[in-house]
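Protein chains in written order, with this note's numbering: chain A, 525 to 634; chain B, -12 to 354.
Built from N, CA and C at the ideal position, the CB exists for glycine as well.
Here the structure is a predicted model, which means the values were calculated and not measured.
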C-alpha cells in the first residue's frame, strides 16, 4: 500500500472543508471544538482519529475541561523544558469521522 | 521635522499599535480604475476622476511619518492609473516609509515593471478561479492577465503576493486557487471575506459570510497553512474572538489609562492604526468606509495643530468604539474579521462622550 503524505492529506482536507457538502452544522461543531480558550493553534494535521492539532501556550495549560469536550480522543502535554521554560505544546486528537485518516487515504486511491 | 518628534517616532517603531504588526497608511491616491468590479468597496471605475494632489499628499506623508507611521499600502482605484505615482513613491521612500501596492494586474507590463524596484511588495488581487474572478471583475480574461502579471513579477525575483477577496459562493474555489497561485510563484497569500461596502452592497445577501462561513474559511486556511507550511505564508483576516480579547493589550496606546498620559501627547499612530487616506484627501481610521463621523480631517488642512486638536477632543469617539468592540469579543465565541467588525459598528454607533475610564477593557483591567 502506497504511503499517503501529510501534504496530500492536508490538500484533500482543505478541499473537503471548502466544499459545501460538509454541512454548516458540521463545520460549526468542528470549529467550536478546535478553538480552545487560551491555546494558540500551531499545526493542524489529518490523523487516524480525524484531526490532530498542536496547540501552544505560554502558561501552564488548564485542561480540566478538555477531556469533557465532545469528540476528543486523546490529548498530551509536552513542556518545552530547558529549551523554553514558559512554553507548552498541547497535542489534541479530535474524533472527526469525516476526516478520519484512513478514509482520506482511500479517497486518494491508495 | 523637529528632533523631539523624530526621536519619539523612532522609539515607537518597535511597539505595537492595535492588531497590525506595522503602523500602516492605506493610501487610495485615485478612484479611477480600468475595471468596475461588482464587489468594489470604493466603487471605483473608469469614469471616476477623483485623484489626490501630489504636493498636498507628500506634505501630509511627511507629517504623518513624524506621527510614527512606517508603511504605506497603495490601493485604489488602480494605483497605477495615478499619474504622479512614481514621484509620490520616491518621496515616500526618502521619508523612510516601506511601500507596498495592491493592483489588479491588468496594467501594461512596462508600467508595473518600472515601479517594482521602488516597492517592498506587490499584491495582485484575485476573487476566485477564472469564471468567478472574471464575472466579478466584469472582464473576460482578467484572471489570465492577473496570473500572467504574478508570473512575470516572480520571474524577476521580486516579492509578489496575492490578495484574495472571497464571496461565500467562491469558498470552494480557494484550495485550487491557492494551488494555482503557489505555482505562479507568490510568496504570501492574504485572504478575506468580501466586505458589505460600496458596490458590494448590491450583491445578493447570500454572497456574504455568516458565522458558519467564517468558521469554514478559517478551517480551510488552517489546512492550507499545514499543506504549504514554510513554502508560502497564508494569512486570513479572521481570528477567534477570545484570542482578540486576550490580545487587547495591543490597544494600550489607544485605550491606556488617561491618568497616566494625555491623548494629545501620543503619536497619531499610537491611536489610529491603520490610517486611511482617501482619493479626496480625507483621513479616516481603520477602513475606507469607516463612518465619516470618525474622520480625522483632510490632508489640505493637516498640521501639527489640527492633529493636536483631534487627539485632544475627537479621538474619544474612536476610543469608545474600539473599547466596546473589544469588550464584545470576550464572550462572542466566534470568528471575527476585526477591522470589518469595527467598520460595521462605526455606522451604527453615535459618537458620544467616552465612558469613565474604569469601563474600558485596557491592559491594567484584566479579567
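Where residue i meets chain A, residues with beta-carbon distance less than 8 Å
i              : result
residue 212(B) : 568
residue 158(B) : 542 and 544
Closest Cα partner of residue i within the set the options
i              : options                           : result
residue 619(A) : 558(A), 545(A) and 546(A)         : 558(A)
residue 291(B) : 257(B), 50(B) and 211(B)          : 50(B)
residue 27(B)  : 151(B), 233(B) and 4(B)           : 151(B)
residue 332(B) : 316(B), 324(B) and 312(B)         : 312(B)
residue 20(B)  : 7(B), 284(B), 161(B) and 68(B)    : 68(B)
residue 274(B) : 156(B), 259(B) and 159(B)         : 259(B)
residue 551(A) : 79(B), 299(B) and 204(B)          : 204(B)
residue 196(B) : 61(B), 8(B) and 328(B)            : 328(B)
residue 185(B) : 97(B), 255(B), 210(B) and 18(B)   : 18(B)
residue 81(B)  : 102(B), 48(B), 97(B) and 100(B)   : 48(B)
residue 167(B) : 22(B), 317(B) and 219(B)          : 219(B)
residue 44(B)  : 71(B), 187(B) and 32(B)           : 71(B)
residue 534(A) : 299(B), 221(B) and 211(B)         : 211(B)
residue 357(B) : 105(B), 30(B), 238(B) and 324(B)  : The question about residue 357(B) has no answer, for chain B in this structure spans -12 to 354.
residue 36(B)  : 46(B), 42(B), 16(B) and 24(B)     : 16(B)
residue 617(A) : 611(A), 586(A) and 601(A)         : 601(A)
residue 229(B) : 144(B), 320(B) and 287(B)         : 320(B)
residue 310(B) : 192(B), 240(B), 134(B) and 160(B) : 240(B)
residue 24(B)  : 76(B), 130(B) and 135(B)          : 130(B)
8 Å Cβ cutoff met for residue i and residue j
i              : j              : result
residue 86(B)  : residue 137(B) : no
residue 84(B)  : residue 109(B) : no
residue 266(B) : residue 38(B)  : yes
residue 180(B) : residue 322(B) : no
residue 116(B) : residue 163(B) : yes
residue 578(A) : residue 615(A) : yes
residue 569(A) : residue 575(A) : yes
residue 306(B) : residue 262(B) : no
residue 155(B) : residue 200(B) : yes
residue 206(B) : residue 563(A) : no
residue 209(B) : residue 565(A) : yes
residue 264(B) : residue 89(B)  : no
residue 604(A) : residue 613(A) : yes
residue 294(B) : residue 54(B)  : yes
residue 178(B) : residue 250(B) : no
residue 111(B) : residue 92(B)  : yes
residue 104(B) : residue 74(B)  : no
residue 256(B) : residue 10(B)  : yes
Within chain A, the residues that residue i reaches when beta carbons sit closer than 7 Å
i              : result
residue 202(B) : 551, 552 and 555
residue 209(B) : 565 and 568
residue 199(B) : 548, 551 and 552
Spatial distance of residue i from residue j (CA atoms)
i              : j              : result
residue 344(B) : residue 269(B) : A caution first: residue 344(B) carries a pLDDT of 41, below 50, which makes its placement in the model unreliable, though a value can still be read off. Those two C-alpha atoms are separated by around 30 Å.
residue 622(A) : residue 231(B) : 30 Å
residue 213(B) : residue 202(B) : 17 Å
residue -3(B)  : residue 14(B)  : Any reading at residue -3(B) needs caution, since the residue's pLDDT is 40, under 50, leaving its predicted position unreliable; the model's value is listed next. Between residue -3(B) and residue 14(B), the C-alpha separation is close to 22 Å.
residue 127(B) : residue 547(A) : 33 Å
residue 545(A) : residue 148(B) : 30 Å
residue 60(B)  : residue 52(B)  : 14 Å
residue 634(A) : residue 153(B) : Low confidence applies to residue 634(A): its pLDDT is 43, below 50, so where it sits in the model is not reliable, and the reading given next is rough at best. Going from the Cα of residue 634(A) to the Cα of residue 153(B) covers about 33 Å.
residue 317(B) : residue 7(B)   : 20 Å
residue 176(B) : residue 97(B)  : 24 Å
residue 102(B) : residue 584(A) : 50 Å
residue 215(B) : residue 539(A) : 14 Å
residue 100(B) : residue 233(B) : 43 Å
residue 271(B) : residue 64(B)  : 17 Å
residue 238(B) : residue 281(B) : 18 Å
residue 4(B)   : residue 170(B) : 35 Å
residue 314(B) : residue 56(B)  : 27 Å
residue 284(B) : residue 595(A) : 53 Å
residue 194(B) : residue 158(B) : 10 Å
residue 132(B) : residue 113(B) : 11 Å
residue 187(B) : residue 277(B) : 15 Å
residue 139(B) : residue 46(B)  : 34 Å
residue 107(B) : residue 146(B) : 7 Å
residue 143(B) : residue 165(B) : 21 Å
The ligand SAM heavy atom lying under 7 Å from the CB of residue i
i             : result
residue 25(B) : Summarising the ligand content, the structure contains no ligands, and the ligand SAM is consequently not present.
Within chain B, partners of residue i - CB distance below 7 Å
i              : result
residue 559(A) : 227
residue 538(A) : 162, 207, 210, 211 and 214
residue 617(A) : Those within 7 Å of residue 617(A) in chain B number zero; the least Cβ separation is about 15 Å.
Contacts of residue i in chain B (Cβ-Cβ under 8 Å)
i              : result
residue 534(A) : 210, 211, 213 and 214
Go through the stretch 48 to 128 of chain B residue by residue and report every complete run of the beta strand (DSSP E) that reaches 3 residues or more, in order. 58 to 61, 85 to 90 and 108 to 113
Within the stretch 219 to 252 of chain B, note down every full beta strand (DSSP E) run reaching 3 residues or more, in order along the chain. 220 to 223
For the stretch 538 to 579 of chain A, list the beta strand (DSSP E) runs that are entirely contained and at least 3 residues long, ordered along the chain. 564 to 571
Complete runs of the alpha helix (DSSP H) confined to the stretch 128 to 181 of chain B [at least 4 residues]: 129 to 142 and 161 to 171
Which runs of the alpha helix (DSSP H) fall wholly inside the stretch 281 to 308 of chain B and span at least 4 residues, in chain order? 291 to 296
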